[in-house]
Structure formats: C-alpha cells, structure tokens
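Take the sequence shown: its position 254, counted from the start at 1, is 254 in UniProt numbering, and no numbers get skipped.
First up is the structure itself, then whatever we jot down about it.
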Amino acid sequence: MKVKRLHLQNYGRFEDLKIDFAPTAEKTGNVTVIVGNNGAGKSQILQALATSLSWFVLKLVRDTDGFEIDKTLIRNGENDVKVNIIVDFGENNPTPYGPVEDAHWTISNVKDGRINSFSRSIKELKKTVRNFRSNLTSKDGLSLPIVSFYPVDRGVNSTFMEISKNFVSDQLTAYENALESSVSFESFFAWFREREDVENEKSRTIQNLASDEIKESNRLIHSSLALLEKNKERLNAETDQTENEKLIKTLNRLIELRNYGTEQIKQGISITDRSLEGVRRSIKRFINFENVHIRRQGSPTMIVEKNGEELDVNQLSQGEKSLLALVGDIARRLALLNPSLDNPLEGEGVVMIDEVDLHLHPKWQHDLIDKLVKTFPNVQFILTTHSPHVISDRNDILLYSLDDGELNEMPNVYGEDVNTVLTKIFDVDIRDSEVEKQFTIIRRAISNHDYSIAESNIEQLAEKLPPDHLELLKCRLLLAQAKLTDEPRHAED
C-alpha cells in the first residue's frame, strides 16, 4: 500500500494543491520529505493525509466513517473544503470486489448554514474495504498494511507498564490511535511487557519440559545400567560382541544428551518472541541500545543497556526516549499486522512523521532516513523536517519545498555540505548577515588589491570571532597569497 497523490482544495493555506509521493517514475525510493518555514503548511499536508486514511482504517476495523475535516481548516473566505486521495493497494487489494490496484476517495466539509459545492465519494473505498474484510475472513495470517501518523505532539510523557484487564493484542489493535493528533506511546510499552510475559512463560514451559525429559532419561539410564550389570555374565557368554557394543554406545549417547540438557537448563533456556525480536533489532539499529527488557521489581519499567550500563528508560534524554518509542512503535504495529511474515519489519504501508528530526542531535539526524529505509524497507515514509542533515541523507528522496502555500520540487542534495543545503533549500544565510557583509568587503578589497582595507576588516572581525574561525583563516591566507603575487610585479615596475 502506498499513497500516490493528495489533492487539497480550500484546505488551510492551500487553495488548490496537488502533491505526488514517492515512489514515482523519477524517484524510485519510498521517502518523500517536505521542508518549509514555520506556518508554510507542512503539518497541514500530513494532517490531511491522516484524515483521509482514517476512512480506510475505521471502515476496515469497525465499519464506521473516518475523521471529519475540521471546519476551522476551511480556507479563509471559502465556504467548503475538499480532500481527495489516490492509494495504490497493489497485492493487498485482490479480487473479488475490485478495483485491483488504485483506489481513490473524496471527503469534504462545509461551514454551518452553507451549501457544500464539493461532493463526497467513497464508492471505491468501500470496495477496497470489502476486499480486505473478505480476505481477513477466509485467510489465516493475512498481512495488513501499516497506516500511522506521528505528529509533533509525540513526547514520551509516560512509560506505563501495567497491563489492564481489558488489554487486547491482536492484529487490528495495530490501528488503535494510529492517526490521532497526539501520541503517548503507552500502548507500545504495555504491549512490550505483554509480549515479554508471553516470551518468559514459553521459556519456563520449555525448561519444565526439558527437566521432565532429563528425569526420564536418568530413569532409563539407571534401569539400563542395572540391567547390564544384572545380565553381565549372560551378555558376555551369549550376546554377540557387536550387539553388546551397540547397546553400550546407545547408553553413552543417552548419557551425553542428559548431560547436555542439564547444562542447558543451568544456563537458562530462552525462547525469543519474533515480534519482540524485531522491536529490539530496530532499537539497536537506531540508538544502539542492547538487551531491552522489562524489570518487574517494584513498579515495572523498561531497561536498556547503553555503553555497557543498564539504565531505566526514564533516565534517558527526551531525544533518546522519543526515538526509542517511535521506532519501537512502528516495529510493534508491523509485527501485529504481519503475523505470518518471517520478518515482520518487511511489512508494507505508509508512515507519516511530522518534524522527524524532533529532539534529535545532528549526529542522529544525518543518517535517520537511511536507517528508516533499511529497517523498514517496504514502508512508504512521508516526512517533514527543518534539518539540512535529514534531506542530504540519500539520493532517492523526493524533496518538496513549501513557501506561502506554493509547492516546489527541489533538486537532489545528497552528499552536499550543510551550508550548501541551508542556502539552496532552506534559503538561510550560513552566518550572521553583518559578519557576511564584512567578509564580502574583505574578498572584494583583496580582489582590487586594496590590502589596507582588507587588513582593517580582518582585524575588526578577529576581535569578534574565535581565532580558529575557518572563513577568517581563509581570508588571511587569501590576503597573504595576493601580496606575494603582487611583490614580483611591483619589483618589475
């Protein structure tokens, strides 16, 4: 499942906006990134996507309508609003009810007391949902697409680990709170504990079975040895030596197996839950935390191993907690939705993240998209960001810039330095405008051989800037080279 196009009319800042999402004919990757100033409308695009996709999710889960478009989002001076979406369901949308691949639907709303000039159309959506429901009814282990929105309001305010009596963890619970305007991540932490409880119970069961088998092996060994001792003279006299050796060899092997099983129990037999393993792998790839587990003494809490030290998740920075919960929650939803996949992280669908760089140090930002793509290779990501590090991450990103409601596709900036990205994409000066003006005066003065002016401005900047300022050092070097070049020419004169 992938969103192909979104069409907004009279929505927020947009009078009439069409936006295509990767993959496209030109951009074969699965990542679309939207940049722009605060208030440009980036979040409104993701909000419109979430509202549209809620109609698919809620029709599928409960056969109810999706979210209505908030009337406050109707463009100033207009009476109504319309959102149209085209989604490619691919193999997730087979016969008998068709269409086979693309489905589109339209939702709209109108101010009170006005007539809506936009019609609502969900005919193809209903066919699509019937396809899914029919296949869910007839096929065990059917994979479903992830559909999830992570807005700016997604801080980890609680790491609630208690499992309520009404807690349910089945395939369709992956869609719970998936498209809301805020995310608490409580479901992720509760789910992690529930799965780990199941994992631990299975391990204990296996240990008990192994212990019972070892007891039975010991009984057989003792009885066989007693039989050998009792019939020792008869075996030596009447049994072929080859048969005797086979019997002794079998007993020795039985003893070896018994000893091996005993050693395994001493070391602790563990059964790994496939869903949890996917979450643990994801967290390790993004944050390099090891041995993620729940400590149950006192108030249950999640524990991670960071640089060899065990830490309560509540001891982590907001950036660490947010990224752990975000990545873990995506992996959790994929695990629930793809019960028959050997690797649930290879499930497909669409994930929208507003300000994907939120709370993250630049070191974590620069390869964030690359990690998302490698960890969740079949998921379509639609992201917004203010970070130059994020958009120079890969060469297959579809990049848009929003400015005053206008959308423009931007060139690939893969491998560009941060300053180039800031000026080319974000239209931001790389340094203070007054300082840059003085550097311009210095360069122009050197070019015109006005070395005294250049030296004066260099000294003025040297009083304000650190001594190892790179651009200042470049200007000093440029001035020295220009003087050396001029000396032979003056000597000839």
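All C-beta atoms, glycine included, are put in the ideal place defined by N, C-alpha and C.
All of these numbers come straight from a predicted model, not from anything done at the bench.
For residue i, the nearest candidate out of the options (CA to CA)
i, options, result
"Lys18", "Glu406, Glu471 and Leu172", "Glu406"
"Thr128", "Ser148, Ser138, Val110 and Asp88", "Asp88"
"Val292", "Ile283, Asp393, Asp417 and Glu78", "Ile283"
"Gln9", "Thr440, Pro151 and Ile85", "Ile85"
"Thr28", "Glu176, Val35 and Val379", "Val379"
"Asp342", "Gly278, Phe21 and Lys464", "Gly278"
"Pro23", "Ile294, Arg5 and Arg281", "Arg5"
"Leu479", "Glu463, Asn448 and Pro466", "Asn448"
"Ile122", "Val81, Ile287, Gly141 and Lys59", "Lys59"
"Ala174", "Leu125, Glu180 and Ser148", "Ser148"
"Leu461", "Leu326, Asp432 and Phe21", "Asp432"
"Gly90", "Gln297, Met1 and Leu360", "Met1"
"Leu399", "Phe426, Ser54, Ser138 and Ser134", "Phe426"
"Glu26", "Lys363, Ser299, Asn412 and Glu459", "Asn412"
"Ser181", "Ile441, Phe67, Asn252 and Pro466", "Phe67"
"Phe189", "Arg280, Asn38, Ala454 and His7", "Arg280"
One or two residues paired with residue i in a DSSP bridge
i, result
"Gln380", "Val350"
"Gly36", "Leu402"
"Asp153", "None; Asp153 has no bridge partner."
"Trp105", "Ile85"
"Asp80", "Val110"
"Glu310", "Glu305"
"Arg5", "Asp20 and Ile86"
"Arg295", "Thr301"
"Leu407", "Leu402"
"Glu290", "Glu305"
"Phe14", "Tyr11"
"Val31", "Phe381"
"Ile397", "Answer by DSSP bridge pairing: none, since Ile397 is not bridged."
Assigned exposure category for residue i - 16 Cβ within 10 Å defines buried
i, result
"Asp115", "For clarity, residue 115 is Ile in the given sequence; the question names Asp instead. Label assigned to Ile115: exposed."
"Asp65", "exposed"
"Pro151", "buried"
"Ile430", "exposed"
"Glu199", "buried"
"Gly328", "buried"
"Tyr414", "exposed"
"Gly268", "Only weak support is given to the placement of Gly268: the predicted model assigns it a pLDDT of 49, under 50, and the value that follows is read from those uncertain coordinates. Exposed is the call here."
"Ser143", "buried"
"residue 558", "Because the chain spans 1 through 493 in this model, residue 558 falls outside it and cannot be assessed."
"Lys266", "Legend: pLDDT at Lys266 = 49, less than 50; position of this residue unreliable, value from coordinates given subsequently. Classification of Lys266: exposed, given that the 10 Å Cβ count is below 16."
"Ala40", "buried"
"Asp486", "exposed"
"Leu372", "buried"
"Gln297", "exposed"
"Gln47", "buried"
"Val313", "buried"
"Thr32", "buried"
"Gly36", "buried"
"Glu15", "exposed"
"Asp80", "buried"
"His361", "exposed"
"Thr51", "buried"
"Arg62", "exposed"
"Asn76", "exposed"
"Val421", "buried"
"Gln318", "exposed"
"His104", "buried"
"Gln44", "buried"
"Arg444", "exposed"
8 Å contact criterion, which residue i and residue j should meet: CB distance rounded
i, j, result
"Glu348", "Pro145", "5 Å"
"Ile330", "Val351", "6 Å"
"Ile287", "Leu323", "6 Å"
"Val83", "Tyr11", "6 Å"
"Pro344", "Gln171", "No, Pro344 and Gln171 are not in contact; Cβ-Cβ is about 11 Å, not under 8 Å."
"Glu305", "Glu320", "The Cβ separation is near 13 Å, so there is no contact."
"Leu334", "Phe381", "Their Cβ separation, rounded to whole angstroms, is 13 Å, which puts Leu334 and Phe381 out of contact at 8 Å."
"residue 494", "Lys42", "Limits of the chain in this structure are 1 at one end and 493 at the other, which puts residue 494 out of reach."
"Arg154", "Leu49", "Wrong, their Cβ atoms sit about 16 Å apart, outside the cutoff."
"Trp55", "Leu125", "6 Å"
"Ser275", "Arg195", "6 Å"
"Tyr389", "Val418", "Sequence check: residue 389 is His here, not Tyr. Yes, they are in contact, since the Cβ atoms of His389 and Val418 sit about 7 Å apart, within 8 Å."
"Ile303", "Glu309", "11 Å between Cβ atoms; not a contact."
"Ile446", "Asn457", "Wrong, their Cβ atoms sit about 10 Å apart, outside the cutoff."
Below-8 Å beta-carbon distance, residue i vs any chain C residue
i, result
"Thr301", "No chain C appears in the structure shown, which is made up of a single protein chain."
> Counting Cβ pairs, one atom from each stretch, are 3 or more of them under 8 Å apart for the segment 359-376 and the segment 384-404?
Replying inline: yes
> Below 8 Å, can you find three or more Cβ-Cβ pairs linking the segment 68-76 to the segment 369-387?
Replying inline: no
> Counting Cβ pairs, one atom from each stretch, are 3 or more of them under 8 Å apart for the segment 463-482 and the segment 436-454?
Replying inline: yes
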